[in-house]
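Novice: The structure under discussion is supplied below as structure tokens; questions concerning it will follow.
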């Protein structure tokens with residue numbers, strides 16, 4: 186029951202954050218919006234990845250702050266994949282984003298769920314807790330890029 | 186006293202959100218990061234501005250959701266104005282961002298404070314409450330662009 190309620194809360198929070206994004210003046214703005222949100226997210230995730238990989242010294246506070254921003258940013262891009270933005274701007278989105286929307290949405294949900302777990306792990310201040318969560322996040326990034334982003 | 190404590194809380198929250206951003210692999214990433222955060226913020230503010238100007242129908246939920254995202258995004262750009270990023274990428278930042286950092290930081294703080302007020306106003310669901318808050322936010326955008334961004 187607790188898990189069920191948590192899922193509802195997460196769904197409501199996601200809906201709340203994304204419903205605000207449904208309108209763009211032009212398709213190029215939608216492309217730039219999702220790319221901007223993903224870039225800010227990626228920079229924060231990358232900072233934690235560098236610690237996990239030993240390329241940067243572990244800083245528990247920076248990791249926790251970065252994970253919090255990454256989790257928030259992870260909610261924003263999806264509502265910007267609006268119809269008509271499939272060929273706009275410099276998008277790399279494949280047609281499958283729209284033609285297989287159910288799979289795409291599931292991948293987006295999965296990424297957000299793993300990002301929430303990374304944030305929870307980062308809050309513990311333990312690099313050992315962060316490592317597997319970071320691996321799971323990285324897996325969702327790669328999976329979605331493989332299936333839905335042109336190289 | 187209450188006001189003083191509130192100011193401390195805001196300062197701590199800002200510091201927490203921005204301290205995670207202090208590191209970038211290269212100056213171009215810092216430029217792209219601050220521009221990305223500002224673009225996501227601007228799109229959300231613009232959605233509310235359109236309602237205030239009568240260019241879009243007032244939707245209290247969209248306004249509230251947009252204001253919440255805008256307030257969050259408003260915290261992120263500042264730590265990306267790192268030394269060495271003054272001429273990187275396609276930045277339009279003037280030298281005064283760094284040479285008059287105290288004034289720039291005050292402008293950034295003022296914008297965040299007005300954005301928090303806009304978020305509070307949007308939460309009331311009243312367009313009449315949103316209008317003056319939106320005007321104040323717009324003023325901080327323009328003021329900072331006039332002083333610190335090349336045209």
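Residue numbers (my numbering), protein chains in the order written: chain A, 186 to 336; chain B, 186 to 336. Even for Gly, the Cβ is constructed at its ideal location relative to N, Cα and C.
Which same chain residues, not among the five before or five after residue 241 of chain B, have their C-beta less than 8 Å away from its C-beta?
Specialist: Within the same chain, residue 241 of chain B has close Cβ partners 232, 235.
Novice: Any idea what DSSP makes of residue 280 of chain B, helix, strand or coil?
Specialist: Coil.
Novice: Less than 7 Å between C-beta atoms, sequence neighbours within five positions excluded: which residues of the same chain meet that for residue 328 of chain B?
Specialist: Around residue 328 of chain B: 292.
Novice: Give me the chain B residues within the contact set of residue 312 of chain A, using Cβ-Cβ distance strictly less than 7 Å, ordered along the chain.
Specialist: What residue 312 of chain A touches in chain B: nothing, since even the nearest Cβ is about 16 Å away.
Novice: Are the beta-carbon atoms of residue 334 of chain A and residue 279 of chain A separated by less than 9 Å?
Specialist: Contact flag set, yes.
Novice: Check whether chain B comes within 9 Å of residue 225 of chain A, counting only Cβ atoms and requiring the distance to be less than that.
Specialist: At least one chain B Cβ lies under 9 Å of residue 225 of chain A.
Novice: In whole angstroms, what is the alpha-carbon distance linking residue 310 of chain B and residue 263 of chain B?
Specialist: Spanning the two alpha carbons is a distance of roughly 30 Å.
Novice: Determine which residues of the segment 213-243 of chain A have a Cβ less than 7 Å from any Cβ of chain B, and write them out in chain order.
Specialist: Under the 7 Å Cβ criterion, the segment 213-243 of chain A contributes 214, 217, 218, 221, 222, 224, 225, 228, 229, 232.
Novice: Return the chain-ordered list of same chain residues with a C-beta closer than 6 Å to the C-beta of residue 316 of chain A, the five sequence neighbours on each side being excluded.
Specialist: Cβ within range, chain order: 237.
Novice: Run down chain A in chain order and give the residues with a C-beta less than 7 Å from the C-beta of residue 303 of chain B.
Specialist: Chain A residues near residue 303 of chain B: none, gap ~13 Å exceeds 7 Å.
Novice: Is the distance from the Cβ of residue 258 of chain B to the Cβ of residue 223 of chain B below 9 Å?
Specialist: Against a cut-off of 9 Å, the Cβ pair of residue 223 of chain B and residue 258 of chain B comes out as a contact.
Novice: When we look at the beta-carbon of residue 331 of chain A and count the other beta-carbons within 10 Å, is it buried (16 or more) or exposed?
Specialist: Looking at its Cβ environment, which holds fewer than 16 other Cβ atoms inside 10 Å, residue 331 of chain A is exposed.
Novice: Would you say residue 293 of chain A faces chain B, with C-beta separation under 9 Å as the test?
Specialist: Answer no: the Cβ-Cβ gap between residue 293 of chain A and chain B never drops below 9 Å.
Novice: Considering only residues of the same chain and omitting the five flanking positions on each side of residue 301 of chain B, which have a CB-CB separation below 6 Å?
Specialist: So the qualifying residues of the chain are 256.
Novice: How many whole angstroms separate the CB atoms of residue 322 of chain B and residue 225 of chain B, which I take to be in contact at a CB cut-off of 8 Å?
Specialist: Not quite, the Cβ-Cβ distance comes to about 15 Å (not below 8 Å), so this is no contact.
Novice: Rounded C-beta distance between residue 269 of chain B and residue 217 of chain B? I'm assuming under 8 Å.
Specialist: About 14 Å; that fails the 8 Å criterion.
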